[in-house]
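Residue numbers for the sequence shown follow the UniProt record's numbering, so the first one is 1 and each next one is one higher.
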Amino acid sequence: MKGSVYTTFIVIILALFLLTGTDDEVLALSYDYGVFIGSSPREIRKLSKYEEVVIDGFYFTKENIDYLHKKGVKVYSYINIGSLEEFRPYYNNFKNITLDDYENWHDEKWIDVSNEQWQNYLVNTLAKDLSDKGIDGFFIDNVDVYSIYKNSETFDGVYTILNTLNTSYNKPIIINGGYEFINKAFSENINVDNFLYGMNQEEVYTSIDDYKYNIFSKKSNTDINYTIEYLSSLKDHGFNIYVIEYSKNRRLNRKITNIYRDLNFKAYVSRSIDL
C-alpha cells in the first residue's frame, strides 16, 4: 500500500511539473524543429535534442556547429536582411541607411535593402563567415520589409540578396514571412521556389496580444484557415513549411502540434516572444 501511495504521489508531482513548468523543454511536444535565436553556446545541449534548429550563428563557433552536426542536428543561421538592430556590432556602419522605427521593437529600424553596401555586407561578409563555420542553411528574417515599403527598389533589393545568397553558397534558404514578396514574385513569373527552400510563418493559430508581458491568444478560425490554405499552396509549389507559434496553453500546443504533423509542417511553440 505504501508503495502504491508513493507511486501515486510521484505521478501527481510529475503531472503538476508538466502543467506548470516554465522551461521551454517542458512545453516541447516535438523536437523536429526549434528556434533559438537568442541562445548562446552555453545552451548547446538543449539544441542537440532537435532535428533542425535556427540559431544566430554569429555567436557560435565552428566547433559549436560541428558538435551539433555530430548530434545529427541540421543548423540554420538567422540573418536579418530587412532591419537593423542597435546591438549589432555593425550597427554604426549602416545606421545612416535605416528607415522608420520597427513597431514593437524599440531598438530596431527598417533598412534600405536596395543599398549595395548593405547587400554586399550581408552576402560577402556576414553570410561568408557563417558558411565558413559550417552552417547548413540560412534563415532570413524581415523579407516583409517589402510589405512596408512596397516599391520596385525594395523588391529588387530583397530578390538580389536572396538570389545572390543562393548562387554564392548553394545552401537551403528559409524566409520568415514574406507573403507580399512571394505573391509579387509569382505575379511577375519569377520562380523564387528555385532558390527558396522553405517559408517560416509566425502566428498562424496564435497571436501576440502584448509584447511586453508575453500575452497570447488563439486566432479566429477564419484567419487560421486562410493562412493554412496559403501555406499549403506554397507546399504544393515545393516549399518546405515551418511555423512558429506563441502560446502558454499546453492543451492548445498539443492540438496544433498534431495538426501541423498531419499537414507535414514543422512547428515550434514558444512561451515567449524572445526566441
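C-beta: ideal position from N, C-alpha, C; glycine also.
This one's a predicted model, so the numbers in the text were calculated from it and none came from an experiment.
According to DSSP, is residue i part of a helix, a strand, or is it coil?
{"i": "LYS74", "result": "strand"}
{"i": "VAL274", "result": "As written in the sequence, residue 274 is Asp, which differs from the Val given in the question. Three-state DSSP puts ASP274 in coil, outside helix and strand."}
{"i": "ILE259", "result": "helix"}
{"i": "LEU99", "result": "strand"}
{"i": "TYR50", "result": "coil"}
{"i": "ALA267", "result": "strand"}
{"i": "LEU108", "result": "Reading off the sequence, residue 108 comes out as Glu, not Leu. If DSSP states are grouped into helix, strand and coil, GLU108 belongs with the strands."}
{"i": "PHE195", "result": "coil"}
{"i": "ILE190", "result": "coil"}
{"i": "ASN124", "result": "helix"}
{"i": "GLY137", "result": "strand"}
{"i": "ILE174", "result": "strand"}
{"i": "ASN142", "result": "coil"}
{"i": "ASN249", "result": "coil"}
{"i": "ASP66", "result": "helix"}
Assuming the contact rule is C-beta atoms closer than 8 angstroms, residue i and residue j should be a hit. Round their C-beta distance to whole Å, please.
{"i": "residue 302", "j": "TYR246", "result": "With the chain covering 1 to 275 only, the question about residue 302 has no answer from this structure."}
{"i": "VAL53", "j": "GLY34", "result": "5 angstroms"}
{"i": "GLU180", "j": "LYS150", "result": "7 angstroms"}
Identify the continuous alpha helix (DSSP H) that holds residue i and give its terminal residues.
{"i": "LYS235", "result": "221 to 236"}
{"i": "ASP132", "result": "127 to 132"}
{"i": "GLY157", "result": "152 to 169"}
{"i": "residue 328", "result": "Only positions 1 to 275 of the chain appear in this structure, which leaves residue 328 out of reach."}
{"i": "ASN240", "result": "Where ASN240 is concerned, there is no enclosing alpha helix (DSSP H), although the beta strand (DSSP E) it sits in stretches over 240 to 246."}
{"i": "ASN92", "result": "91 to 94"}
Counting only the same chain and skipping the five closest in sequence on each side, list residues whose C-beta sits under 7 angstroms from that of residue i.
{"i": "ILE273", "result": "ILE208, TYR211, ASN214 and TYR246"}
{"i": "ILE244", "result": "VAL35, ASN200, GLU202, TYR268 and SER270"}
{"i": "LEU122", "result": "ILE79, ILE81 and ILE161"}
{"i": "LYS2", "result": "A caution first: LYS2 carries a pLDDT of 36, below 50, which makes its placement in the model too unreliable to give a value."}
{"i": "ASN64", "result": "PRO41 and ILE44"}
{"i": "ILE10", "result": "Confidence is the limiting factor: at ILE10 the pLDDT is only 40, short of 50, which leaves the residue's position unreliable, though a coordinate-based value still follows. Result list for ILE10: empty, nothing under 7 angstroms."}
{"i": "LYS218", "result": "TYR205, THR206 and LEU252"}
{"i": "ASN142", "result": "ASN80, ILE81, GLY82 and SER83"}
{"i": "PHE195", "result": "LEU162, ASN163, ASN166 and ILE173"}
Do residue i and residue j have their CB atoms nearer than 8 angstroms?
{"i": "GLY137", "j": "TYR197", "result": "yes"}
{"i": "SER162", "j": "ALA127", "result": "Residue identity differs from the one stated: residue 162 is Leu in this sequence, not Ser. Result no, Cβ atoms of LEU162 and ALA127 do not sit closer than 8 angstroms."}
{"i": "VAL158", "j": "VAL204", "result": "no"}
{"i": "ILE182", "j": "GLY57", "result": "no"}
{"i": "TYR76", "j": "ILE228", "result": "no"}
{"i": "THR257", "j": "SER30", "result": "yes"}
{"i": "ILE111", "j": "LEU130", "result": "no"}
{"i": "GLU51", "j": "ASP32", "result": "yes"}
{"i": "ASP107", "j": "PHE87", "result": "yes"}
{"i": "GLY178", "j": "ASP144", "result": "yes"}
{"i": "residue 318", "j": "ILE241", "result": "There is simply no residue 318 to check, as the chain begins at 1 and stops at 275 in what is shown."}
Where does the unbroken beta strand (DSSP E) through residue i begin, and where does it stop?
{"i": "residue 276", "result": "Shown here, the chain extends from 1 to 275; a query on residue 276 therefore has no answer."}
{"i": "SER217", "result": "215 to 218"}
{"i": "VAL35", "result": "34 to 36"}
{"i": "SER83", "result": "83 to 85"}
Counting only the same chain and skipping the five closest in sequence on each side, list residues whose C-beta sits under 6 angstroms from that of residue i.
{"i": "ILE79", "result": "PHE138 and ILE140"}
{"i": "GLU25", "result": "For GLU25, the pLDDT reaches just 43, beneath the cut-off of 50, and the residue's location in the model is therefore unreliable, although a value from the coordinates is still provided. Excluding positions up to five away in sequence, the list is empty."}
{"i": "ASN115", "result": "ILE97"}
{"i": "HIS237", "result": "ASP193"}
{"i": "ALA185", "result": "VAL192"}
{"i": "TYR146", "result": "THR154, PHE155, VAL158, GLU180 and PHE181"}
{"i": "TYR169", "result": "SER131"}
{"i": "PHE60", "result": "PRO41"}
{"i": "GLU176", "result": "This sequence places Asn at residue 176; Glu is not what is there. Contacts found: ASP141 and ASN200."}
With a CB to CB cut of under 8 angstroms and the five nearest residues on each side skipped, what residues in its chain are close to residue i?
{"i": "LEU68", "result": "ILE44, LEU47, SER48, VAL53 and VAL75"}
{"i": "GLU103", "result": "none"}
{"i": "GLY38", "result": "ASP56, ASP274 and LEU275"}
{"i": "LEU14", "result": "For LEU14, the pLDDT reaches just 42, beneath the cut-off of 50, and the residue's location in the model is therefore unreliable, although a value from the coordinates is still provided. Closer than 8 angstroms at the Cβ level, and outside the excluded window around LEU14, lies no residue."}
{"i": "GLN119", "result": "VAL113, GLY157, THR160, ILE161 and THR164"}
Could you tell me whether the Cβ of residue i comes closer than 8 angstroms to any Cβ of chain D?
{"i": "LEU162", "result": "Considering every chain present, this structure includes no chain D. It has just one protein chain."}
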